[in-house]
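J.: Below you will find the structure I want to go over with you.
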């Protein structure tokens, strides 16, 4: 063989090897990427070739699957009481990526989760029967929150302090997930929902942190008691009224100018929601100590999964003293979700221990066997001492019995709470947010619940916006449903 032929042969062999390498790459690497591509129609065809598994509330499925007509997607997702449970379920759509529990448990619900496969499924390559997601949601508490929020923009969360079970997750205005399930009509519905000024696709309960206002005073009070700045909730504080923000000429005012806020005890300061007390307390503690306590309750946690990933509530850093003072009343750059403020009340109600909040009790395979149980741990993490928790419980009861939270009173139930009215906008020009967080304990059954409610906007006049006026009645309805039904 002469040199020219030999070189041509080697070159041809290299070309063949290159093609083989490329083919292997496409098959085993690019092929997987293409198969996993959300725009790959085959994925949607496979996902909706059979009915999906279901999301379950109180033993009943609130989801289903319906046979389609004239489509290569054989089934589509359906929802029972879709608007009521949208903040829990999210949606499973033929056109868009799934959200909320539908997204977290997508593989389980469509049968591709490897834990579902039997030996025969592995041999035959058949897709496994889908599993189910059993939630902790209490339908009575969920409906009470949804009905009480009504046409307002807002969010509400209820938690069983002893177990961490989330009993309600509500965001209003809501939407019907069924409008997004069919590929043929989802696009129109999607545009309409995104154009809606009420932002119904926003989960205000879990994923929209806003200034928590005076509800954050509970965190500051906890820090002061744990640090020893004050020995108990009835000790007089050192709190001038009026209080001038350090390094400024600005005087921090109290909503009730007649309230006995000068040097008020923590109990009285919570009862009348005295801004001067908690602003001064935050400065006396220093931002690091307030931040440390906030983080113990769950602030600044960007990996809070319930199992839906909740948006991080924030306590800021690197502030001057005047800004630190404002954080003491839940302003400046402090933000919180209703979930976060419900966690604060839950820890206080549970003797200072916070059990991890979760809204899924267990997941099961197609035959009903439990794959994972989320209710197996109720030990909780100590946030504050039992003594501090008991004192804060007592002070919160004073708020409801004799203070700014009287609209949360329930006959036969021990209720403690804290109101909040958070200012926002340039020069506080926009309508305030109304907050209420509380705990309730049934005197007859021993049942307990912790709730938080945020009303972002309602039809009420600005002068009528208050935690007691707008948010406390919602919390009352939720607590009543959880404890007296």
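Residue numbers (the numbering used here): 20 to 504.
Just so it is clear, CB atoms sit at the ideal spot from N, CA and C, and this is done for glycine as well.
For the region 395 to 403 and the region 201 to 215, state whether three or more C-beta atom pairs, one from each stretch, are separated by less than 8 Å.
T.: Result no; under three Cβ-Cβ pairs closer than 8 Å.
J.: Using the beta-carbon count (16 or more within 10 Å), is residue 96 buried or exposed?
T.: Per the 10 Å Cβ criterion, buried.
J.: If you compare alpha carbons, which of 201, 304, 303, 126 is closest to residue 94?
T.: Nearest C-alpha to residue 94: 201.
J.: Express the C-alpha separation of residue 170 and residue 134 in angstroms, rounding to a whole number.
T.: Rounded to the nearest angstrom, the two C-alpha atoms are 42 Å apart.
J.: Tell me the residue span of the beta strand (DSSP E) that contains residue 235.
T.: That residue, residue 235, is in no beta strand (DSSP E); it is neither H nor E in DSSP.
J.: For residue 259, which residues in the same chain have their Cβ closer than 8 Å to its Cβ, ignoring the five residues on either side in sequence?
T.: Within the same chain, residue 259 has close Cβ partners 281, 282, 295, 299.
J.: Within 8 Å, do at least three Cβ pairs link the region 373 to 381 to the region 409 to 427?
T.: As far as the Cβ criterion goes, the region 409 to 427 does not touch the region 373 to 381, which means the pair count is below three.
J.: Residue 475 lies in the alpha helix (DSSP H); which residues open and close that run?
T.: Unbroken run through residue 475 is the beta strand (DSSP E), 467 to 476; no alpha helix (DSSP H).
J.: Determine, using beta carbons only, whether residue 189 and residue 220 come nearer to each other than 9 Å.
T.: Not closer than 9 Å, so no.
J.: Would you mind sorting residue 157 into buried or exposed? The rule is 16 or more other CB atoms within 10 Å of its CB.
T.: Buried, since its Cβ has 16 or more Cβ neighbours within 10 Å.
J.: Which residue from 106, 469, 458, 368 puts its Cα closest to that of residue 226?
T.: For the residues 106, 469, 458, 368, the minimum Cα distance to residue 226 belongs to 106.
J.: Mapping the DSSP letters down to three states, classify residue 91 as helix, strand or coil.
T.: Residue 91: coil per DSSP, three-state reduction.
J.: At which residue ranges does the region 153 to 193 contain complete beta strand (DSSP E) runs of 3 or more residues, listed in the order of the chain?
T.: List check, beta strand (DSSP E) in window: 172 to 178, 185 to 191.
J.: Could you check the C-alpha separation between residue 494 and residue 164 for me, to the nearest Å?
T.: Taking the straight line from one Cα to the other gives about 7 Å.
J.: Going by DSSP, what residue range makes up the alpha helix (DSSP H) through residue 503?
T.: Element bounds for residue 503: 491 to 503.
J.: Tell me the rounded alpha-carbon separation between residue 1 and residue 185.
T.: Because the chain in this structure spans residues 20 to 504, residue 1 falls outside the shown range and cannot be described.
J.: Among 175, 242, 148, 110, which one has its Cα closest to the Cα of residue 310?
T.: Out of 175, 242, 148, 110, 242 has the C-alpha closest to the C-alpha of residue 310.
J.: Cα-Cα, which of 150, 237, 250 is closest to residue 387?
T.: Ranking 150, 237, 250 by Cα distance to residue 387 puts 150 first.
J.: Fully enclosed by the region 339 to 375, which alpha helix (DSSP H) runs are 4 residues long or longer?
T.: List check, alpha helix (DSSP H) in window: 340 to 346, 357 to 368.
J.: Tell me which residue opens and which closes the beta strand (DSSP E) that residue 513 is part of.
T.: Residue 513 is absent from the model: the chain starts at 20 and stops at 504.
J.: What separation, rounded to the nearest whole angstrom, lies between the Cα atoms of residue 264 and residue 344?
T.: Cα to Cα, residue 264 sits roughly 7 Å from residue 344.
J.: Mapping the DSSP letters down to three states, classify residue 24 as helix, strand or coil.
T.: In the structure shown, residue 24 sits in a helix (DSSP, three-state: H, G or I).
J.: Is the Cβ-Cβ distance between residue 329 and residue 470 less than 9 Å?
T.: Against a cut-off of 9 Å, the Cβ pair of residue 470 and residue 329 comes out as no contact.
J.: What does the alpha-carbon distance come out to for the pair residue 252 and residue 370?
T.: Between residue 252 and residue 370, the C-alpha separation is close to 16 Å.
J.: Could you check how far apart the C-beta atoms of residue 248 and residue 304 are, in whole angstroms? I think they sit under 8 Å.
T.: Rounded, the Cβ-Cβ distance is 6 Å, consistent with contact.
J.: Starting from residue 383, trace the alpha helix (DSSP H) both ways and give me its first and last residue.
T.: First-last for residue 383: 379 to 383, but that is the beta strand (DSSP E), not the alpha helix (DSSP H).
J.: Output the boundary residues of the alpha helix (DSSP H) element that contains residue 108.
T.: That run of the alpha helix (DSSP H) goes 101 to 108.
J.: Grouping DSSP H, G and I as helix and E and B as strand, with all else coil, what is residue 30?
T.: It is helical.
J.: Check whether chain C comes within 9 Å of residue 258, counting only Cβ atoms and requiring the distance to be less than that.
T.: Considering every chain present, this structure includes no chain C. It has just one protein chain.
J.: Which residues in the same chain have their Cβ closer than 6 Å to the Cβ of residue 91, if we skip the five residues on either side of it in sequence?
T.: Contacts found: 64.
J.: Note down the Cα distance separating residue 352 from residue 301, rounded to an integer number of angstroms.
T.: So the two alpha carbons sit approximately 14 Å from each other.
J.: Starting from the C-beta of residue 313, find all residues in its chain whose C-beta is less than 6 Å away, skip the five residues before and the five after it, and write them out in chain order.
T.: Excluding positions up to five away in sequence, the list reads 238, 334.
J.: Take the Cβ of residue 207 as the centre, count every other Cβ of all protein chains shown within 10 Å, and call the residue buried at 16 or more, exposed below.
T.: Under this definition residue 207 is an exposed residue.
J.: So within the region 61 to 87, which uninterrupted beta strand (DSSP E) runs reach at least 3 residues, ignoring any that extend past its ends?
T.: You should have 74 to 76, 82 to 86.
J.: Nearest-angstrom Cα distance between residue 254 and residue 285?
T.: Distance between the alpha carbons of residue 254 and residue 285 is about 7 Å.
J.: Nearest to residue 83 by alpha carbon, out of 108, 425, 492, 62?
T.: It is 108 whose Cα lies nearest to the Cα of residue 83.
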